[in-house]
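Undergrad: Residue numbers (the working numbering): 764 to 1016.
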Ligand SMILES: [Zn+2]
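(1) What would DSSP say about residue 770, mapped onto helix, strand or coil?
(2) Determine whether the Cβ of residue 807 lies closer than 8 Å to any Cβ atom of chain D.
(3) From 940, 901 and 976, pick the residue whose C-alpha is nearest to that of residue 955; which is it?
(4) Taking 8 Å as the threshold, find out whether the segment 770-790 comes into contact with the segment 837-856 through three or more Cβ pairs.
(5) With 16 other CB atoms within 10 Å as the buried threshold, where does residue 1010 fall?
(6) Locate the beta strand (DSSP E) running through residue 936, then write down its first and last residues.
(7) For residue 957, count neighbouring C-beta atoms within 10 Å of its own C-beta (all shown protein chains included) and say buried if the count is 16 or more, exposed if not.
(8) Based on DSSP bridge pairs, tell me the residues matched to residue 909.
(9) Which residues have a Cβ closer than 7 Å to any heavy atom of ligand 1, listed in chain order?
(10) According to DSSP, residue 820 sits in a beta bridge with which residue or residues?
(11) Cα separation between residue 843 and residue 920?
(12) Output needed for residue 802: all residues of its chain with C-beta closer than 8 Å, excluding positions within five of it in sequence on either side, in chain order.
(13) Assuming residue 916 and residue 961 are in contact, meaning their beta carbons sit under 8 Å apart, how far apart are those beta carbons, in whole angstroms?
(14) Can at least three beta-carbon pairs, one atom from the segment 870-882 and one from the segment 898-910, be found at a separation below 8 Å?
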């Protein structure tokens, strides 16, 4: 079984020319045998309707410190049983990851027992790995996931692995990172527990993203941890979703 830590729903306009609606997401979940996935979009209400209608789909709340009322919105949605943590995209929303405006959101994650936050990584100026590290250092009790583990630039990929090696609260998520060898390198250097599979669908195809993890040279038990077990523990375990609830969610479909 597979748990995808990084998926989007919505329409991403002429620049990307991709979209994924509720039915498209449900089809991907079936096609790839997902037992669970984390979905997000700047419109949290859109995500709420999707995750309430697809048993395997869970949400991360999109927090945008540029918007009025953002703390209250995140707080309200974290009370929802299927929102499992926070998503931040400092690059497109335009702020530094460790901006003081982000700190109230980190406090909310801590109050709820240490829920995770996933940040886009890999592009200057706001999502360089070292900027995300500043947030991880400021909040050692928050589990900070570097989405794309540095993305397409080997300097940033290596930096994300270095940072995870020295910061035990940093996790690496594999989507869109082109080098299968770096997945194995990350597991060997930081341990298998903090490397998570993600697809970044619809920007990338799950079949391609799964295959990159499968050919990375991991041992079978490591592969299962990266493709599923680590996200189960991190997202579902932290929020208190039981194995029985996951199993019955699949039975509903
Ligand atoms: Zn993404």
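Just so you know, even glycine gets a beta-carbon here, dropped at the ideal spot from N, CA and C.
TA: Result, derived from the coordinates:
(1) strand
(2) The structure shown has no chain D; it contains just one protein chain.
(3) 976
(4) no
(5) exposed
(6) 933-936
(7) buried
(8) 882 and 935
(9) 769, 771, 883, 910, 938, 963 and 966
(10) 800
(11) 34 Å
(12) 770, 771, 772, 788, 810, 813, 814, 820, 821, 822 and 823
(13) So it is not a contact: roughly 18 Å between Cβ atoms.
(14) yes
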